[in-house]
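Here's the structure, in structure tokens; my notes come after.
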Amino acid sequence: MQRVWVLGDAVVDLLPEGEGRYLRCPGGAPANVAVGVARLGGDAAFIGRVGADPFGRFLATTLVQEGVDVSHLMLDSDGRTSTVLVDLDEQGERSFTFMVRPSADQRLTAADLPAFGPGQWLLTCSIALANEPVRSATWQAMAAMRAAGGRVCFDPNLRPEVWGEPGEMHPQVARAVREADVVKLSGEELAWLSGETDLEAGLAALQGPSLVLITLGKEGVVARLGQERLHWRGPVVTPVDTTGAGDAFVAGLLAALAERTTLPGPDELPAILAQAHGCGALATTAKGAMTALPDRAALATFLGSR
1 MQRVWVLGDA VVDLLPEGEG RYLRCPGGAP ANVAVGVARL GGDAAFIGRV GADPFGRFLA
61 TTLVQEGVDV SHLMLDSDGR TSTVLVDLDE QGERSFTFMV RPSADQRLTA ADLPAFGPGQ
121 WLLTCSIALA NEPVRSATWQ AMAAMRAAGG RVCFDPNLRP EVWGEPGEMH PQVARAVREA
181 DVVKLSGEEL AWLSGETDLE AGLAALQGPS LVLITLGKEG VVARLGQERL HWRGPVVTPV
241 DTTGAGDAFV AGLLAALAER TTLPGPDELP AILAQAHGCG ALATTAKGAM TALPDRAALA
301 TFLGSR
């Protein structure tokens with residue numbers, strides 16, 4: 001299996017646990033994906049910064065315990081670890097309040113980047129494009145991965161409140177979509193990015209990536225691979241907390257893609273989507289983001305029972 005690098009933020013999510021009480025959970029989309037890949041037996045490595053503070057050390061320790069390579073995770077004595085207050089409604093849908101701005105992850109520089117190799121994958125999200133210097137570092141990482149013969153996966157995971165200049169979000173995200181090999185979007189993100197409310201029109205407006213995946217919650221996922229379309233409807237579960245569903249989906253996707261030396265063909269896509277969708281569904285059945293990510297055994301049991 002090829003290495004999967006993830007670049008961006010590792011955060012502490014504070015989840016409500018009774019009146020006035022919160023549960024400390026490790027999170028952040030890139031960190032979640034790294035752990036998700038590792039739990040599925042993949043080779044995952046994290047690139048980023050956290051504060052040299054108790055939350056930062058907690059996150060670094062957690063990633064190590066999960067089998068993620070943290071040799072390019074820096075403890076930044078001049079920054080603070082991103083901390084996010086998560087509110088859940090009765091359907092398990094969430095909203096976020098970012099408590100630290102700017103956080104240590106926004107201080108990543110090009111000097112922090114590793115050397116990439118052929119066949120490897122890089123995953124990043126829009127928070128890594130929100131401000132300098134991490135924005136320039138992210139663009140350099142994407143270019144370096146492509147130059148090394150690897151591939152780039154982009155998951156916008158939009159968080160407007162992190163951007164110093166909110167008007168920069170759309171052009172930066174649009175550029176990342178054009179330059180990535182694989183892009184995962186929610187239906188809402190596709191409409192925001194393309195300006196189209198019709199899914200097919202929105203897909204037609206996206207230029208650049210070889211594989212596009214649109215997640216639609218209980219309606220499954222629509223994949224575009226070249227001129228091929230596939231609407232995958234996996235098993236429906238009753239959600240407890242949707243915080244990490246998208247990250248689990250991406251982890252399942254990348255773990256499957258990293259087992260191949262080329263992008264999948266249409267015949268291989270159903271198995272890949274079954275794994276990705278299964279990971280996303282399982283992650284909604286427990287509280288937390290990273291804590292809810294399935295391992296290979298749990299995924300096999302889930303898929304085998306459906």
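No gaps in the numbering here: position 63 of the sequence shown is 63 in the UniProt record's numbering, and each next residue is one more.
Beta carbons: idealized from backbone N, C-alpha and C, even for Gly.
All values derive from a computational prediction rather than experimental measurement.
Sequence-distant Cβ neighbours of Gly42 in its own chain, meaning closer than 7 Å and more than five residues away, are Met1, Val4, Ala255, Ala258. A straight-line Cα-Cα distance of about 43 Å links Pro16 and Gly226. Cα atoms of Phe249 and Gly278: separation of roughly 8 Å, rounded to the nearest angstrom. According to DSSP, residue pairing for Val86 in a beta bridge involves Phe96.
Excluding its 5 nearest sequence neighbours in each direction, Arg159 has C-beta neighbours in its own chain below 6 Å: Ile127, listed in chain order. Nearest C-alpha to Thr83 among Trp139, Glu66, Val50, Asp112: Val50.
Secondary structure note for Ile272: its alpha helix (DSSP H) is the uninterrupted segment 269-283. Taking the CA atoms as reference points, Ala271 sits about 19 Å from Cys153. In this structure, Arg229 keeps its C-beta atom at 9 Å or more from the C-beta atom of Val221. In this structure Gly265 is exposed. Its beta-carbon is surrounded by fewer than 16 other beta-carbon atoms within 10 angstroms.
With a 10 Å radius around the Cβ and a threshold of 16 neighbouring Cβ atoms, Asp105 comes out buried. Within the DSSP bridge table, the entry for His231 names Val222 as partners. At a Cβ-Cβ threshold of 9 Å, Gly164 and Ala130 count as neighbours. When DSSP reads this structure, Asp13 sits in a beta bridge with Cys25, Val84. Fully contained in the region 150-230 are the following alpha helix (DSSP H) runs of length 4 or more, in chain order: 169-179, 187-194, 199-205.
Between Val11 and Ala31, the alpha-carbon positions lie close to 8 Å from each other.
Comparing alpha carbon positions, the residue from His170, Arg175, Glu168 closest to Met142 is Arg175.
With contacts defined as CB atoms closer than 9 Å, Thr284 and Asp247 fail to qualify as a contacting pair. Membership of Met74 in the beta strand (DSSP E) is indicated by the continuous run 69-76. By the neighbour-count criterion, in which 16 or more other beta carbons inside 10 Å mark a residue as buried, Ala34 falls on the buried side. The straight-line gap separating the alpha-carbon atoms of Gly119 and Leu269 is approximately 19 Å. If you compare the alpha carbons of Phe116, Gly117, Arg80 with that of Met99, the shortest gap goes to Arg80. By the 16-neighbour rule on beta-carbons within 10 angstroms, Ala29 is buried. Scanning its chain for C-beta atoms nearer than 6 Å, with the 5 sequence neighbours on each side dropped, one finds around Ala137 the residues Leu108, Thr109, Ala110, in chain order. The three-state reading of DSSP puts Asp43 in strand, counting E and B together. The three-state reading of DSSP puts Leu123 in strand, counting E and B together.
Residue environment: Pro171 is assigned as exposed (fewer than 16 neighbouring CB atoms within 10 Å of its CB, all protein chains considered).
Trp5 is bridged by DSSP to Ala45, Leu122. As computed with DSSP, Val237 is found in no beta bridge at all.
For Gln65, the enclosing alpha helix (DSSP H) has its first and last residue at 54-65. A direct Cα-Cα distance of roughly 12 Å separates Gly18 from Leu88.
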